[in-house]
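Data first, discussion second: the structure below is written as structure tokens.
Residue numbers (this note's numbering): 769 to 836.
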């Protein structure tokens, strides 16, 4: 009985290469990160904290584009 070969070898090769290259990219970023770039973000002081809704430029842009 002859063995049947898979028909989608190109697709399988592409998916394998995409997975390997994605893992390589993650590893490259992890190795390239240094302690200087990973500094914690400074917390806001108690008097600088705002509570409630504040309409920012980003929110205004969303409202402008969402109008019907």
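Yeah, the Cβ is synthetic: ideal placement off N, Cα and C, and Gly gets one too.
As the structure is a prediction and not an experimental result, all values here were calculated from the model.
I need the boundaries of the alpha helix (DSSP H) containing residue 714, first residue and last residue. Residue 714 lies beyond the stretch modelled for the chain, which goes from 769 to 836, so this question has no answer here.
Distance, Cα to Cα, residue 826 vs residue 819? As a position in the chain shown, residue 826 is number 58, starting the count at 1. As a position in the chain shown, residue 819 is number 51, starting the count at 1. The straight-line gap from Cα to Cα measures roughly 18 angstroms.
Which same chain residues, not among the five before or five after residue 835, have their C-beta less than 6 angstroms away from its C-beta? Taking the chain shown and counting its residues from 1, the one referred to as residue 835 is at position 67. Answer for residue 835: no residue qualifies.
Rounded to the nearest angstrom, what separates residue 781 and residue 824 at their Cα positions? Here residue 781 is taken as the residue at index 13 of the chain shown, counted from 1. Here residue 824 is taken as the residue at index 56 of the chain shown, counted from 1. Here the alpha carbons of residue 824 and residue 781 stand approximately 47 angstroms from one another.
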